Every structure is written in C-alpha cells, then in structure tokens.
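Going by this note's numbering, the sequence shown opens with residue 122, and the numbers climb by one from there.
Step one of this worksheet: look at the structure below.
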Amino acid sequence: MRKKVLTVTAIVSGIYVAALWVITSHAAGTEVVTQPLDNLKTLVIAVIGAVGLIILAKNIMEFAQAYQNQDSSSMNSALKGIVAGTIMAMISPVLSFLGF
C-alpha cells in the first residue's frame, strides 16, 4: 500500500512540476514562420499551372491530329487531356478566388 501511495505521489508531483514549467511566449508576428510556406505554396501552384499549360497544348495538337484522321478513340482521349490541362492551368486563379 505504501508503495502505491509513493508511486501516485511521484506521478502527481511530476505533473505539478511540469505544469509549473509552462512559459508564455510573446511573439511579434507569424510572418517569420508562414512566409517560407507561402513561398512554397506559390512555387507549387506555379509549377502545376505551367505543367497544365504544357498538357493543354499537347492535347490540343493530339485532338487536331485525331480529328484529321477521324479517330474517335484518340479524340476522346485528347478531350480528356484538354479538360485536365485546363483544370491544371486554371488552378491558380481558382485557389486565389477561394482565398488560398
């Protein structure tokens, strides 16, 4: 019984001491922390937009070639690529509109 009391006392004392060590920090601003993350976000969005433009241009050319050959399967695939490229190219304005 005495051993249990000593164990509980030690645990409670440890929690109490840990609670006393809480130190309040007064930071001047959060830009020091968030600025690198904002830069990374801007870079990633720009890369996605650039890749989207490349995909869009490639699939427009594929669609034109498939249209000339009257290949409906390739036209369908190219149209899907055009939609995907458009979405990727327009991701930056959409995210800006949403507030990201």
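C-beta atoms are modelled at their ideal positions from N, C-alpha and C, and glycine is treated no differently.
Just so you know, these numbers come straight off a predicted model, no measurement behind them.
Item: Three or more C-beta pairs closer than 8 Å, one from the segment 196 to 207 and one from the segment 171 to 186: is that the case here?; Value: yes
Item: Check whether the segment 204 to 221 and the segment 187 to 195 are in contact - that is, three or more C-beta pairs closer than 8 Å.; Value: no
Item: Quick one: Cα of isoleucine 169 to Cα of glycine 150, how far?; Value: 30 Å
Item: In chain order, what residues of the same chain lie with their CB nearer than 8 Å to the CB of threonine 207, ignoring the 5 residues before and after it?; Value: Gly173, Leu177
Item: For my contact list, serine 213 and isoleucine 166 are in at a C-beta cut-off of 8 Å; report their separation, rounded to the angstrom.; Value: 5 Å
Item: Please list, in chain order, all residues of the same chain as glycine 135 whose beta carbon is under 8 Å from its beta carbon, the five residues on each side excluded.; Value: none
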